[in-house]
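According to our numbering, the sequence shown is numbered sequentially starting from 10. Below is one structure, written out as structure tokens; comments come after it.
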Amino acid sequence: MLACKSTRRFSGALAGILAGVLFSTLVNAQTTLTFGGSDAIGSLLDRANKKFTDLVNERAEGKLKINFIQGEQLGNDVQVIEQMMQGSVHLYGDVLGWYANWVKDFAILNWGFTFRDNDHMQTFLES
């Protein structure tokens, strides 16, 4: 079950990253984006965020640079999301449950072992 929880958290982190990208400013050539992390340095989500940053920086060939700020250097989860909403942080990578402070429907994502797999959760969300 621990591996399943880790997979779910990793999937949530990727979804959070994508949500941050979709709602942040458009990327122009030679743009530097700030990616605020709030997880313990070396944790699963921190490593996933670092890997994402490294891959984007490598593949962008200098046209885009992501500056990943690890740990709670910019604040806790809620503070980093608020900074993203204000535009001073462009990306945030963590589980989507933190967005429940603004969109109550996201609270369901914090329920842990409610769903047996991603398909089960997707079916529920679409119902």
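Quick reminder that beta carbons are idealized off the backbone N, C-alpha and C, glycines included.
Query                                                                                                  : Result
Limits of the unbroken alpha helix (DSSP H) element including residue 66                               : 53 to 68
Delimiting residues of the beta strand (DSSP E) encompassing residue 73                                : 73 to 78
Contact under 7 Å by Cβ, residue 63 with residue 55                                                    : no
Start and end residues, beta strand (DSSP E) containing residue 44                                     : 40 to 45
Sequence-distant residues of its chain with Cβ nearer than 7 Å to residue 67 (five each side left out) : none
Where the alpha helix (DSSP H) containing residue 201 begins and where it ends                         : No answer is possible for residue 201: the residues shown for the chain start at 10 and end at 136.
Proximity of residue 100 and residue 115 at Cβ, strictly below 7 Å                                     : no
C-beta atoms of residue 65 and residue 50 nearer than 7 Å                                              : no
Reduced DSSP secondary structure (H/G/I, E/B, other) of residue 83                                     : coil
Short Cβ contact (7 Å threshold) for residue 83 with residue 121                                       : no
Alpha-carbon spacing of residue 134 relative to residue 96, whole angstroms                            : 29 Å
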